[in-house]
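> Quick one: the structure is below, and I'll ask about it shortly.
2 protein chains.
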Amino acid sequence: MRADAQRNRARILDAAEAVFAEFGPRASTEEVARRAGVAIGTVFRHFPTKDDLLAAIMKRLLTQLVEEAGQRDFFAFFAHMVTQAAAKKTVVDLLAGSGVNIQLPDAVGHLEEAVGRLLEQAQAAGTVAPPVRLPEVMALLASVCQGALHGGWDEQLQDRTLAVIFAGLKRN
Amino acid sequence: MRADAQRNRARILDAAEAVFAEFGPRASTEEVARRAGVAIGTVFRHFPTKDDLLAAIMKRLLTQLVEEAGQRDFFAFFAHMVTQAAAKKTVVDLLAGSGVNIQLPDAVGHLEEAVGRLLEQAQAAGTVAPPVRLPEVMALLASVCQGALHGGWDEQLQDRTLAVIFAGLKRN
DNA sequence: GAGAATAGTGAGTGGAGACTCATTTTGGTA
DNA sequence: TACCAAAATGAGTCTCCACTCACTATTCTC
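Here the protein sequences come in this chain order: A and B.
Under this note's numbering, the residue at position 60 of the first sequence is numbered 60, and the numbers go up by one with no gaps.
Under this note's numbering, the residue at position 38 of the second sequence is numbered 38, and the numbers go up by one with no gaps.
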């Protein structure tokens with residue numbers, strides 16, 4: 001791959017992440033091109049459809065989340081993801097399936113595995129009740145991320161909301 | 001108001017509720033007109049903008065929910081709303097603020113009041129822990145409704161997810 | 001440095017969907 | 001029934017946006 005192509009690809013991804021984080025997946029590709037300092041055609045050369053671009057960002061963000069999962073305990077990572085939600089509109093909206101058609105079984109699967117590992121550790125340590133299973137943890141995680149994003153929660157509200165969920169996980 | 005106007009207004013509302021419930025607020029006004037058996041212009045005569053139409057439906061659905069709140073206890077109503085979420089894509093998506101600009105302070109306020117009343121009763125009966133406050137209950141409600149809607153939960157997953165939240169509410 | 005291959009450009013195309021309005025139809029009234 | 005104001009109609013307008021492509025510019029290779 002030529003040097004300028006590589007540079008532009010990275011610029012486009014960065015711009016897209018920022019734009020979609022700010023306006024959600026409904027933001028126009030034009031805006032992404034503008035912020036990347038690149039012509040619209042260049043964006044489409046690298047990512048043939050808008051969905052391809054969104055998928056690329058999603059993959060990036062999910063990979064990053066999986067890494068971060070390795071550096072925290074179960075509850076810290078849960079809270080971290082919720083905090084990120086408001087900043088990273090894209091992930092949440094896309095996980096929510098807002099009219100976008102994207103297949104990311106791998107990336108999502110890896111995140112689920114990472115959360116599964118944290119859950120096992122927490123249950124071994126006795127901080128999460130044994131009957132709690134991964135599916136409902138993922139369901140809660142997705143729910144609260146969406147709630148935090150769309151609800152515009154302040155820090156206190158987020159803390160109080162998570163407190164209820166964490167209490168439920170500890171003693172279910 | 002003339003008889004045919006009244007009839008058509010009702011038909012449009014019914015059609016809109018069905019269409020938006022099925023496809024979400026992104027469904028086209030054309031589709032609503034088609035299902036109502038009415039020309040597109042008629043829809044716009046009754047509801048000058050698409051947002052007006054959405055607001056009218058929202059008001060209707062919220063009013064109905066407030067009524068239903070009077071007939072259930074706290075936990076039953078919570079579960080009821082979540083179950084409805086999947087069926088009534090509109091409410092959730094709109095409460096989530098999916099690109100639509102709608103002001104419904106009254107209707108939403110009434111729902112919040114109704115939930116507040118159920119919460120007081122539940123805390124008086126000792127089934128919800130005293131430190132739990134209305135804001136986080138509303139936050140949890142909104143979150144789980146969105147999660148249920150977008151996640152395509154089956155009955156078992158919904159039950160298990162609610163079980164965690166209910167446990168947290170009981171002993172926070 | 002010349003040539004070939006790769007990449008960038010941006011005006012243009014096509015389609016979707018919200019909304020309009022000149023015309024026709026209908027319902028109520030005298 | 002005759003009239004007319006209210007209502008319905010739907011082809012047409014307008015705007016936005018994803019995506020294309022003929023042409024130009026840049027890299028890389030020898």
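Every residue, glycine too, gets a C-beta built ideally from N, C-alpha and C.
All values derive from a computational prediction rather than experimental measurement.
Determine, using beta carbons only, whether Q123(B) comes closer than 9 Å to chain A.
no
> Cβ closer than 9 Å: which chain B residues qualify as neighbours of G168(A)?
A163, V164, I165, F166, A167, G168, L169, K170, R171, N172
> Could you name the residues of chain B that V144(A) contacts, counting a contact when the two beta carbons are closer than 9 Å?
A139, L140, S143, V144, G147
> Based on Cα-Cα distance, which residue from P130(B), G109(B), L118(B), T29(B) lies nearest to D52(B)?
T29(B)
> Taking all protein chains shown into account, do 16 or more other C-beta atoms lie within 10 angstroms of the C-beta of E136(A), making it buried, or fewer, making it exposed?
buried
> Taking the alpha helix (DSSP H) that N8(B) falls in, what are its first and last residues?
Start and end: 3-23.
> Under a Cβ-count criterion, where at least 16 other Cβ atoms within 10 Å of its own Cβ denotes burial, should P48(A) be classed as buried or exposed?
Counting every other CB atom within 10 Å of its CB across the protein chains shown gives P48(A) a total below 16, marking it as exposed.
> Judging by CA-CA distance, which residue of V19(B), P25(B), G24(B), P130(B) is the nearest neighbour of G37(B)?
V19(B)
> May I ask you to report which of helix, strand or coil DSSP gives R35(B)?
helix
> Distance cutoff 9 Å, beta carbons only. Does L157(A) sit that close to anything in chain B?
It does; some Cβ of chain B falls within 9 Å.
> Excluding the 5 residues preceding and the 5 following I57(A) in the sequence, name in chain order all residues of the same chain whose CB lies nearer than 7 Å to its CB.
L13, A16, E17, F20, T90
> Roughly how many angstroms lie between the CA atoms of I40(B) and A85(B), to the nearest whole one?
Cα to Cα, the separation comes out at about 28 Å.
> With a threshold of 7 Å on Cβ separation, who are the neighbours of N172(B) within its own chain once the five nearest residues in sequence on each side are excluded?
Short of 7 Å from the beta carbon of N172(B), and not among the five residues preceding or following it, lie these beta carbons of its own chain, in chain order: A129, P131, V132.
> Taking C-alpha atoms, which residue in A79(B), Q146(B), K50(B), L134(B) lies nearest to G116(B)?
L134(B)
> Can you give me the Cβ contacts of A114(A) inside the same chain, cut-off strictly under 6 Å, excluding the 5 residues immediately before and after it?
V66, A69
> For the alpha helix (DSSP H) containing Q84(A), list its first residue and its last residue.
Its alpha helix (DSSP H) spans residues 74-87.
> Taking the alpha-carbon positions, what's the G126(B) to L54(A) distance?
Each residue's alpha carbon lies about 47 Å from the other.
> Beta carbons nearer than 9 Å to chain B: which residues of the stretch 25-41 of chain A have them?
R26
> Which word fits G109(B), buried or exposed, when buried means at least 16 other C-beta atoms lie within 10 angstroms of its C-beta?
exposed
> Suppose contacts are defined by Cβ-Cβ distances below 9 Å. Is L104(B) in contact with L162(B) by that definition?
No; because the gap between Cβ atoms is not below 9 Å, this pair is not in contact.
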